[in-house]
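Keeping their order, the protein sequence lines are chains A and B.
The numbering used here numbers the first residue of the first sequence as 1 and each following residue consecutively.
The numbering used here numbers the first residue of the second sequence as 336 and each following residue consecutively.
Backbone N, C-alpha and C fix where the C-beta goes; we use that ideal spot for every residue, glycine too.
All values derive from a computational prediction rather than experimental measurement.
Worksheet: the structure to be examined is printed underneath.
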Amino acid sequence: MTLPVSIRLLVLAVAWLVMAAAVPAYAEKFGPDGAPDPTASVVDQETLLKQVPRIEGRIDIPDRKAAVLIQPAGRTWDYFHEVLLHWGGAIVILGTIALLALAYFIVGRIRIAGGRSGQKILRFKAFERFSHWLTAVSFVILGLTGLNITFGKLVLLPVVGPDAFSEISEAAKYLHNFTSFAFMAGLVLIIVIFFKDNLPEKVDLDWLRQGGGFIKNRHAPAGRFNLGEKLVYWLSLMAGIVVSLSGVLLLFPFYGTDIADMQLAQGAHAVVAVLFVALILAHIYIGTLGMEGAFEAMGQGDVDLNWAKEHHDLWLARQLEKERGPGRPAATPAE
Amino acid sequence: MARMKFLCDADRCIDCNACVTACKNENEVPWGINRRRVVTINDGKPGERSVSMACMHCTDAPCAAVCPVSCIYPTDDGIVLHDKDICIGCGYCFYACPFGAPQYPQVGNFGSRGKMDKCTYCAGGGGPEAPGSAAEFEKYGSDRFGEGKLPMCAEMCSTKSLLAGDGDIIAQIYKERVLKRGYGSGAWGWMTAYREDIKV
Numbered sequence: 001m002t003l004p005v006s007i008r009l010l011v012l013a014v015a016w017l018v019m020a021a022a023v024p025a026y027a028e029k030f031g032p033d034g035a036p037d038p039t040a041s042v043v044d045q046e047t048l049l050k051q052v053p054r055i056e057g058r059i060d061i062p063d064r065k066a067a068v069l070i071q072p073a074g075r076t077w078d079y080f081h082e083v084l085l086h087w088g089g090a091i092v093i094l095g096t097i098a099l100l101a102l103a104y105f106i107v108g109r110i111r112i113a114g115g116r117s118g119q120k121i122l123r124f125k126a127f128e129r130f131s132h133w134l135t136a137v138s139f140v141i142l143g144l145t146g147l148n149i150t151f152g153k154l155v156l157l158p159v160v161g162p163d164a165f166s167e168i169s170e171a172a173k174y175l176h177n178f179t180s181f182a183f184m185a186g187l188v189l190i191i192v193i194f195f196k197d198n199l200p201e202k203v204d205l206d207w208l209r210q211g212g213g214f215i216k217n218r219h220a221p222a223g224r225f226n227l228g229e230k231l232v233y234w235l236s237l238m239a240g241i242v243v244s245l246s247g248v249l250l251l252f253p254f255y256g257t258d259i260a261d262m263q264l265a266q267g268a269h270a271v272v273a274v275l276f277v278a279l280i281l282a283h284i285y286i287g288t289l290g291m292e293g294a295f296e297a298m299g300q301g302d303v304d305l306n307w308a309k310e311h312h313d314l315w316l317a318r319q320l321e322k323e324r325g326p327g328r329p330a331a332t333p334a335e
Numbered sequence: 336m337a338r339m340k341f342l343c344d345a346d347r348c349i350d351c352n353a354c355v356t357a358c359k360n361e362n363e364v365p366w367g368i369n370r371r372r373v374v375t376i377n378d379g380k381p382g383e384r385s386v387s388m389a390c391m392h393c394t395d396a397p398c399a400a401v402c403p404v405s406c407i408y409p410t411d412d413g414i415v416l417h418d419k420d421i422c423i424g425c426g427y428c429f430y431a432c433p434f435g436a437p438q439y440p441q442v443g444n445f446g447s448r449g450k451m452d453k454c455t456y457c458a459g460g461g462g463p464e465a466p467g468s469a470a471e472f473e474k475y476g477s478d479r480f481g482e483g484k485l486p487m488c489a490e491m492c493s494t495k496s497l498l499a500g501d502g503d504i505i506a507q508i509y510k511e512r513v514l515k516r517g518y519g520s521g522a523w524g525w526m527t528a529y530r531e532d533i534k535v
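Now the structure itself:
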């Protein structure tokens with residue numbers, strides 16, 4: 001054959017040999033006569049498991065998952081779910097509740113120092129409140145139904161018995177799966193609507209230095225959102241995205257993911273969800289019990305002028321500037 | 336008390352799938368559910384081995400541990416059964432199972448899983464149905480074990496590579512085989528399932 005053709009063939013042969021060598025090491029052993037010895041070439045389980053995390057082979061059926069012969073990581077995931085997650089989750093959530101109870105008994109409900117002025121100013125518009133409550137109610141449903149998967153058999157099963165618990169858990173599973181879409185929609189709305197007011201500012205450090213409004217007789221300046229609220233926003237954003245992405249993978253199992261991916265998705269979903277629950281418990285505390293005058297912001301939309309002055313003075317000043325614009329009176333009295 | 340186990344002698348398995356067919360026929364397993372399957376390692380290369388795999392009925396079964404509704408449990412003979420009335424089809428037992436035994440029918444949208452189904456060691460089911468009844472057969476398959484018989488897959492194995500029975504007895508059979516013929520690639524899955532291995 002001609003030179004260029006033989007060179008091309010040589011290149012192809014070398015490339016193929018290189019590729020063949022790159023296949024994981026099933027070392028071929030040879031007998032004393034130089035022929036391949038099939039029996040000696042067999043790799044045993046222990047050697048294989050040291051090389052690869054799971055043993056996979058060839059199967060005849062269309063179910064690709066069945067090609068995995070042994071994946072010992074299943075026992076590891078079992079340990080994570082039954083031991084680490086149970087203990088970690090209980091410590092984080094019960095610990096958060098304990099800390100909040102402590103805060104309530106030590107610091108108490110933060111009052112409006114100057115008392116209510118009786119005058120109100122709009123803080124959150126209707127669409128903002130809708131987005132928040134869509135996300136919030138979804139979160140509570142998702143949180144409770146999700147916690148049932150991990151803790152239900154310890155907490156609820158002994159109380160209601162296996163049949164009732166199974167009915168509740170099955171309903172909880174579907175509720176969790178379908179409510180997740182409302183949560184994801186609400187999350188996107190919240191991320192977009194409140195993005196620009198949550199960007200870090202210099203005043204946030206001043207707020208922190210002044211004790212964040214938790215120390216009486218000290219005034220902590222803030223914009224529309226203080227550093228604490230901004231932290232809730234950004235942590236919720238990150239946790240919400242992780243929990244949503246991992247949740248979608250769990251909703252569509254093995255659509256492009258393998259067993260290790262699914263175990264990882266479940267692990268990420270569970271760990272981040274538990275931390276998210278702790279964060280939101282603190283958020284709920286401060287928005288209801290923890291501070292006088294806070295709930296009405298998201299509940300009705302208007303806040304008391306004195307509350308705004310004490311906790312979000314820079315934002316109040318900007319709002320009053322806007323209203324004062326063409327010589328209109330400062331704030332309208334409460335109706 | 337006998338402790339039931341499976342052992343697949345990979346050096347005898349010829350990937351004929353008689354075990355798969357026997358299981359499907361004996362238990363009227365619906366389409367798409369594969370209680371038993373044969374996996375071939377090193378296909379086409381020297382040292383190719385095939386292993387028949389289904390539920391291994393593990394000691395400290397990880398599936399039983401992770402089930403959120405505690406519907407999976409071991410019997411006195413070591414057989415791991417589950418109650419389909421309690422199962423909610425969450426899929427966690429599949430994530431925990433080292434052998435991919437749990438199977439789920441797709442019953443709805445998204446990845447909605449129905450009640451988990453798996454090898455029962457031909458010992459009927461873990462639910463409240465009477466052993467050997469038609470109701471039990473419809474849900475779980477046959478109860479050969481209640482009649483003193485071994486699982487159909489092992490009984491139908493064409494080369495007697497798939498052994499089922501008391502763990503000590505089948506371990507002894509396998510050891511004698513390996514000693515007599517001089518080779519054996521091991522009891523696949525035993526370390527992971529039973530936390531003990533057969534040393535020859």
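Worksheet item: B/Asp378 to A/Gly57, Cα distance in whole Å?
Response: Numbered from 1 along the second sequence, position 43 holds the residue referred to as residue 378 of chain B. Numbered from 1 along the first sequence, position 57 holds the residue referred to as residue 57 of chain A. Approximately 8 Å, taken between the alpha carbons.
Practice prompt. Along the beta strand (DSSP E) that carries A/Asp304, what are the first and last residues, could you check?
Written response: Residue mapping note: residue 304 of chain A aligns to position 304 of the first sequence, counting from 1. From DSSP, the beta strand (DSSP E) with A/Asp304 extends over 302-304.
Worksheet item: Anyone know if the C-beta pair for A/Gly228 and A/Arg218 falls short of 8 Å?
Response: Taking the first sequence and counting its residues from 1, the one referred to as residue 228 of chain A is at position 228. Taking the first sequence and counting its residues from 1, the one referred to as residue 218 of chain A is at position 218. Contact: no.
Worksheet item: Residues in the region 163-190 of chain A with C-beta within 8 Å of chain B's C-beta atoms, listed in sequence order?
Response: Asp163, Phe165, Ser166, Ser169, Glu170, Lys173, Asn177
Worksheet entry | Rounded separation between B/Leu454 and B/Pro437 - CA only | The count along the second sequence starts at 1 and reaches residue 454 of chain B at position 119. The count along the second sequence starts at 1 and reaches residue 437 of chain B at position 102. Before going further, note that residue 454 of chain B is Cys rather than Leu in the sequence given. Distance between the alpha carbons of B/Cys454 and B/Pro437 is about 8 Å.
Discussion item. Here's the rule I'm using: 16 or more other beta-carbon atoms within 10 Å means buried, otherwise exposed. How should B/Lys359 be labelled?
Written reply: Locating residue 359 of chain B in the second sequence gives position 24, counting from the first residue. The residue is buried, with at least 16 neighbouring Cβ atoms inside 10 Å.
Worksheet item: What is the C-beta distance between B/Ser387 and B/Leu497, in whole angstroms, given that I count them as a contact (C-beta under 8 Å)?
Response: For this step, residue 387 of chain B is matched to residue 52 along the second sequence. For this step, residue 497 of chain B is matched to residue 162 along the second sequence. The Cβ separation is near 5 Å, so the contact holds.
Discussion item. With three or more beta-carbon pairs closer than 8 Å as the criterion, would you say the region 36-46 of chain A touches the region 389-401 of chain B?
Written reply: no
Worksheet item: If you follow the beta strand (DSSP E) that B/Val401 is part of, which residue opens it and which one closes it?
Response: Walking along the second sequence from the start, residue 401 of chain B turns up at place 66. Taken as a continuous stretch (DSSP letters only), B/Val401 belongs to no beta strand (DSSP E), being part of the alpha helix (DSSP H) at 397-401.
Item to complete: Might you give, ordered along the chain, the residues of its own chain that have their beta carbon closer than 6 Å to the beta carbon of B/Lys515, omitting 5 neighbours on each side?
Response: Within the second sequence, residue 515 of chain B is the residue found at index 180, counting from 1. No residues qualify anywhere along the chain.
Item to complete: Enumerate in chain order the residues of its own chain whose CB-to-CB distance from B/Asp420 is below 6 Å, with the five nearest sequence positions on each side excluded.
Response: Taking the second sequence and counting its residues from 1, one reaches residue 420 of chain B at position 85. Same-chain partners within the cutoff: Gly462.
Worksheet item: For a contact meaning CB atoms closer than 7 Å, what does A/Gln266 contact in chain B?
Response: As a position in the first sequence, residue 266 of chain A is number 266, starting the count at 1. Chain B residues near A/Gln266: Tyr430.
Item to complete: Mind listing, in chain order, the continuous alpha helix (DSSP H) runs of no fewer than 4 residues lying wholly within the region 337-398 of chain B?
Response: 353-362
Worksheet item: So, helix, strand or coil for A/His219, using DSSP?
Response: By 1-based counting over the first sequence, the position of residue 219 of chain A is 219. Residue state, collapsed to three classes: coil.
Fill in: Exposed unless 16 or more other CB atoms sit within 10 angstroms - verdict on A/Ala22
Residue mapping note: residue 22 of chain A aligns to position 22 of the first sequence, counting from 1. Bear in mind that a pLDDT of 32 at A/Ala22, under 50, signals an unreliable position, so the model cannot answer this.
Worksheet item: What residues of chain B sit near A/Pro158, judged by a beta carbon separation below 9 Å?
Response: Walking along the first sequence from the start, residue 158 of chain A turns up at place 158. The contacting residues do not exist; A/Pro158 stays about 10 Å from chain B at best.
Practice prompt. Flag this pair as yes or no: are the beta carbons of B/Trp523 and B/Cys343 separated by less than 8 Å?
Written response: The residue given as residue 523 of chain B occupies position 188 in the second sequence. The residue given as residue 343 of chain B occupies position 8 in the second sequence. Yes.
Worksheet item: Excluding the five sequence neighbours on either side, which residues of its own chain have a C-beta within less than 8 Å of the C-beta of A/Leu157, listed in chain order?
Response: If you number the first sequence from 1, residue 157 of chain A lands on position 157. The answer, listed in chain order, is Phe165.
Worksheet entry | Proximal residues of chain B, C-beta to C-beta of A/Lys65 below 7 Å | The sequence position of residue 65 of chain A within the first sequence is 65, counting from 1. Simply Gly435.
Discussion item. If we define contact as Cβ-Cβ less than 8 Å, is A/Ile280 a contact residue for chain D?
Written reply: Absent from the structure is chain D; the protein chains it does hold are A and B.
Discussion item. If you follow the beta strand (DSSP E) that B/Pro409 is in, where does it begin and where does it stop?
Written reply: Within the second sequence, numbered from 1, the residue matching residue 409 of chain B stands at position 74. First-last of the beta strand (DSSP E) with B/Pro409: 407-409.
Worksheet item: Does B/Met491 have its Cβ less than 8 Å from a Cβ in chain A?
Response: On the second sequence, residue 491 of chain B is found 156 positions in, with the first residue counted as 1. False, the Cβ-Cβ gap to chain A never drops below 8 Å.
Practice prompt. For A/Pro253, go through chain B and note every residue whose CB falls closer than 7 Å to its CB, in chain order.
Written response: By one-based count along the first sequence, residue 253 of chain A stands at place 253. Here the neighbours are Gly426, Gly446.
Discussion item. Please report whether the beta-carbon of A/Ala21 lies at a distance below 8 Å from any beta-carbon of chain B.
Written reply: Here residue 21 of chain A is taken as the residue at index 21 of the first sequence, counted from 1. Annotation note: pLDDT 35 at A/Ala21 (below 50); position unreliable, coordinate value reported separately. Chain B contact via Cβ: absent.
Worksheet item: Looking at the C-beta of B/Thr527, does it have a partner C-beta in chain A at a distance below 8 Å?
Response: Position 192 of the second sequence, counted from the first residue, corresponds to residue 527 of chain B. Taking Cβ atoms only, chain A reaches closer than 8 Å to B/Thr527, which makes this a yes.
Worksheet item: Could you give the residue range of the beta strand (DSSP E) that holds A/Val69?
Response: What you label residue 69 of chain A is simply residue 69 of the first sequence in a count that begins at 1. It is worth fixing the name first, because residue 69 of chain A is Leu in this sequence and not Val. 68-70 is the span of the beta strand (DSSP E), which, as asked, contains A/Leu69.
Item to complete: Report buried or exposed for B/Gly521, applying the criterion of at least 16 other Cβ atoms within 10 angstroms of its Cβ.
Response: As a first step, residue 521 of chain B is located in the second sequence; it is residue number 186 there, counting from the start. With 16 or more Cβ atoms within 10 Å of its Cβ, B/Gly521 is classed as buried.
Worksheet item: Looking only at C-alpha atoms, which of A/Met298, A/Ala66, A/Lys153 sits nearest to B/Ile368?
Response: Translated into positions along the second sequence, residue 368 of chain B becomes position 33. Answer by Cα proximity: A/Ala66.
Fill in: Contact test: A/Ala317 Cβ vs the ligand PLP heavy atom, cutoff 7 Å
You won't find the ligand PLP in this model; it holds no ligand whatsoever.
Fill in: Same chain, Cβ closer than 7 Å to A/Phe252, five either side skipped, listed in chain order
The residue you call residue 252 of chain A lines up with position 252 of the first sequence. Cβ within range, chain order: n/a, list empty.
Discussion item. Quick check on the DSSP output: the beta strand (DSSP E) that includes B/Ala499 runs from which residue to which?
Written reply: Counting from one through the second sequence, the residue named residue 499 of chain B turns up at place 164. Here the beta strand (DSSP E) through B/Ala499 covers 497-501.
Fill in: Residues near A/Leu316 by beta carbon distance below 8 Å, same chain, minus five either side
Sequence index remark: in the first sequence, residue 316 of chain A carries index 316 (1-based). The answer, listed in chain order, is Ile121, Leu305, Ala308, Lys309.
Item to complete: Let me know the alpha helix (DSSP H) ranges lying completely inside the region 439-500 of chain B, each 4 residues or longer, listed in chain order.
Response: 469-475, 487-491
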